[in-house]
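Sequential numbering from 0 applies to the sequence shown in numbering that gives the first Met the number 0.
Ideal Cβ placement from N, Cα and C applies to all residues, glycine included.
Values in this document were obtained by computation on a predicted structure and should not be read as measured data.
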Amino acid sequence: MQKKRLFEAIATLIGCIIGAGILGIPFVVARAGFLTGLVNIVVIGFIFLLIHLYLGEVVLRTKGNHQLTGYAEKYTGKTGKYFMFISMIIGIYGAIIAYTLGGGEALASILGWNSLLCSVLFFGIIAWFIYIGLNEHILKIRLYLYRY
């Protein structure tokens with residue numbers, strides 16, 4: 000059970016840190032140029048590395064289990080907690096929008112359809128999988144693929 004939780008935590012971090020970059024970095028580098036894109040990747044990557052190392056230190060040195068809003072409240076008070084809550088809401092919904100639009104653009108370029116239609120289709124399919132439970136269906140797909 001502990002290994003499963005560790006794997007889920009690592010997968011969540013990788014999805015949040017790397018995920019949107021797969022969709023956004025090529026676009027930005029194509030628009031800004033190679034050298035500017037490379038400098039941006041290195042500088043922003045270093046900043047994110049520092050942020051995550053600082054967060055790791057806070058987690059290791061604070062007793063008890065907390066979420067980000069709990070850490071913010073513990074060290075900055077109620078105002079920090081509310082600021083972190085609003086930041087998390089904006090970040091989560093922003094990521095959902097970015098993935099939906101990026102997935103729709105990718106589907107539109109593959110299928111040759113309208114990108115808005117593909118974004119809605121992509122969101123609907125992913126939302127349906129999440130609603131009915133992803134693990135059960137992935138297992139069925141794996142069993143189906145192993146047969147052939």
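Three-state secondary structure (DSSP) of residue i
i	result
ASN64	coil
GLY44	helix
TRP127	helix
ASN113	coil
GLY55	helix
GLY32	coil
GLY23	helix
GLY102	helix
GLY93	helix
GLY69	helix
GLY76	coil
Beta carbon of residue i nearer than 8 Å to that of residue j
i	j	result
THR99	SER118	yes
GLY103	PHE121	yes
GLY63	ALA71	no
GLU65	LYS73	At residue 65 the sequence reads His, which differs from the Glu that was named. Yes.
VAL42	GLY36	no
ALA107	ASN113	yes
THR68	PHE84	yes
Integer Cβ distance of residue i from residue j, believed to fall under 8 Å
i	j	result
ILE46	ILE24	That pair is no contact at about 15 Å.
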